[in-house]
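Just below is one structure, and these are the notes that go with it.
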Amino acid sequence: MLKPQLKLPFIRKGSVSKPAHRGLTANEVRQCLRVAFGAALGFTISKVMGWNYGTFFTVYPMLLLGLVPVLNSHIIRQFLANAALVTAFVFVVQGMFGDQPIPMTIAVIMIFAFMFSCMSKGANFLFGAVGMVGLSMQLHFASYSSASVSDLVMSNVAASLLTILLAMLMHFIFPDVEARAKPPVITKPDSNRRHEVILATTVATLSFIVFQVLDLQDSLSAQVSSVLILFPLNWYGAGRSALNRAIGTLIGCNIGLAWQFILLDHSGILWFVSIALWISVMLFARYHMLEGGGSGAGFGAMTTMGILFGQYLTPQQDLVYNALYRFTSVTVSVVLTLMAVYGMHRLLNKFANTRFIIPTPVNN
């Protein structure tokens, strides 16, 4: 019988504040190039075409190319199925129950539980992870009184299809040099799965309710952060994820401010902004690789830059206020989310059916 082990939640090897001391492998360099060019191309195309919700076109390539080092039919099916499900949910459920808090909350609980269940089982982790990020962003935007749900849904579909095409192009131009080893299979007791799904669903739903009740329309980064730190699905991983997310957001906001001061009045020139985004994402992707390719500080800095550049940087609007507000709101969101995770962790561990036991990796 497996026994619980005590692990400090904030200790990990390799982060932006203390990166691993090693050079990148050839495969990691290729993945950095794929992430940087994919995000920059998605951003540039959305701006050239004048499409709304540039965050989708910038962040989705980061998710697909950054979290998954390979591209195959199973991954593409997960990504497209996620886009279809999230689109249908926002278009139908938000349209029907958007002004009815109780039915809307029940529907959100059900879809969140389904997404986190897919993540907990492992085989469809990408489907659940990208679905949670996409759903959080779309529900956030849909809460705006001036938002058009049809425009929001079509932008998500266009961003998803463009992301698949960009991923194929990036893997064609920058293929891996050598075959990658299969990731280890994690064996989980049934109590762990129940623990993970209940904990993550409860905290994500609380985050949704708080942002809706307080009408925090300008806090997209904070809401996405409250979801991203749940990706480990347990307290031990969430603690590390929260710390890294705060560090990544701080670095991403500071780099965004630095670029704003460098560009000054030239922030309306698209090619200058695209090059600045490429350089930043390439730098963050390197740290992302040193952290092991998970949702760490490097990935947090990347997505922060994607949100700042994709949604807030325009010829008529700079990043100064938004960058400062992003860091403040994300810090508060991360702290409160982590408190909720710990509370749920302690509560669920009181019952044998939902007690969390440290899983053991088993190599194939």
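Numbering (the UniProt record's numbering), first residue to last: 1 to 364.
Using N, Cα and C, we set each Cβ at its ideal position, and we do this for glycine too.
Quantities reported herein were computed from a predicted structural model and do not represent experimental measurements.
Rounded separation between residue i and residue j - CA only
{"i": "F116", "j": "D265", "result": "44 Å"}
{"i": "P103", "j": "W235", "result": "29 Å"}
{"i": "A142", "j": "E178", "result": "43 Å"}
{"i": "G36", "j": "F261", "result": "Rather than Gly, the amino acid found at residue 36 in this sequence is Ala. Going from the Cα of A36 to the Cα of F261 covers about 22 Å."}
{"i": "A84", "j": "V133", "result": "14 Å"}
{"i": "I109", "j": "H345", "result": "18 Å"}
{"i": "N353", "j": "E196", "result": "12 Å"}
{"i": "L214", "j": "P175", "result": "46 Å"}
{"i": "V92", "j": "R30", "result": "40 Å"}
{"i": "A297", "j": "F125", "result": "20 Å"}
{"i": "I173", "j": "H74", "result": "21 Å"}
{"i": "M119", "j": "T331", "result": "25 Å"}
{"i": "N254", "j": "L263", "result": "14 Å"}
{"i": "L308", "j": "M154", "result": "21 Å"}
{"i": "V341", "j": "K121", "result": "20 Å"}
{"i": "V224", "j": "M96", "result": "24 Å"}
{"i": "A204", "j": "L233", "result": "11 Å"}
{"i": "D190", "j": "I269", "result": "54 Å"}
{"i": "F114", "j": "F231", "result": "14 Å"}
{"i": "G343", "j": "G239", "result": "13 Å"}
{"i": "T187", "j": "I358", "result": "10 Å"}
{"i": "R286", "j": "L64", "result": "16 Å"}
{"i": "S150", "j": "W51", "result": "13 Å"}
{"i": "P69", "j": "L24", "result": "14 Å"}
{"i": "residue 369", "j": "V90", "result": "One cannot answer for residue 369 here, as it falls past the ends of the chain, which runs 1 to 364."}
{"i": "C32", "j": "S148", "result": "35 Å"}
{"i": "L290", "j": "M282", "result": "13 Å"}
Residue i at chain E interface by Cβ criterion, 9 Å
{"i": "M305", "result": "In the structure shown, chain E does not exist; there is a single protein chain."}
Beta-carbon proximity of residue i to residue j, cut-off 9 Å
{"i": "H171", "j": "L71", "result": "yes"}
{"i": "S241", "j": "I229", "result": "yes"}
{"i": "M302", "j": "G66", "result": "yes"}
{"i": "L152", "j": "Y60", "result": "no"}
{"i": "L277", "j": "A39", "result": "yes"}
{"i": "G310", "j": "F57", "result": "yes"}
{"i": "V130", "j": "F79", "result": "yes"}
{"i": "L220", "j": "G42", "result": "no"}
{"i": "F356", "j": "N192", "result": "yes"}
{"i": "S86", "j": "L135", "result": "In the sequence on display, residue 86 carries Val and not Ser. A contact, by the Cβ cut-off of 9 Å."}
{"i": "G300", "j": "A246", "result": "yes"}
{"i": "W259", "j": "S274", "result": "no"}
{"i": "I198", "j": "L348", "result": "yes"}
Nearest neighbour of residue i, chosen from the options [CA to CA]
{"i": "A181", "options": "L199, N27 and F37", "result": "N27"}
{"i": "F112", "options": "N82, A200, G292 and T187", "result": "A200"}
{"i": "Q138", "options": "N82, C118, A123 and V332", "result": "N82"}
{"i": "L169", "options": "M96, V341, R34 and T25", "result": "R34"}
{"i": "A222", "options": "E291, L290, M96 and L338", "result": "L338"}
{"i": "L206", "options": "A285, D190, R194 and V227", "result": "V227"}
{"i": "I76", "options": "L283, G343 and F127", "result": "F127"}
{"i": "T105", "options": "M62, T202 and P189", "result": "T202"}
{"i": "T328", "options": "L63, A123 and T249", "result": "T249"}
{"i": "F208", "options": "F284, A107 and M62", "result": "A107"}
With 16 other Cβ atoms within 10 Å as the buried cut-off, status of residue i
{"i": "W271", "result": "exposed"}
{"i": "T55", "result": "buried"}
{"i": "P183", "result": "exposed"}
{"i": "R22", "result": "exposed"}
{"i": "H288", "result": "buried"}
{"i": "V335", "result": "exposed"}
{"i": "Q100", "result": "exposed"}
{"i": "residue 365", "result": "The structure shown does not extend to residue 365, since the chain is modelled only from 1 through 364, so no value can be given for it."}
{"i": "A123", "result": "exposed"}
{"i": "G256", "result": "buried"}
Q. At a cut of 8 Å, does the stretch 156-169 reach the stretch 40-50 through at least three beta carbon pairs?
A. These segments touch.
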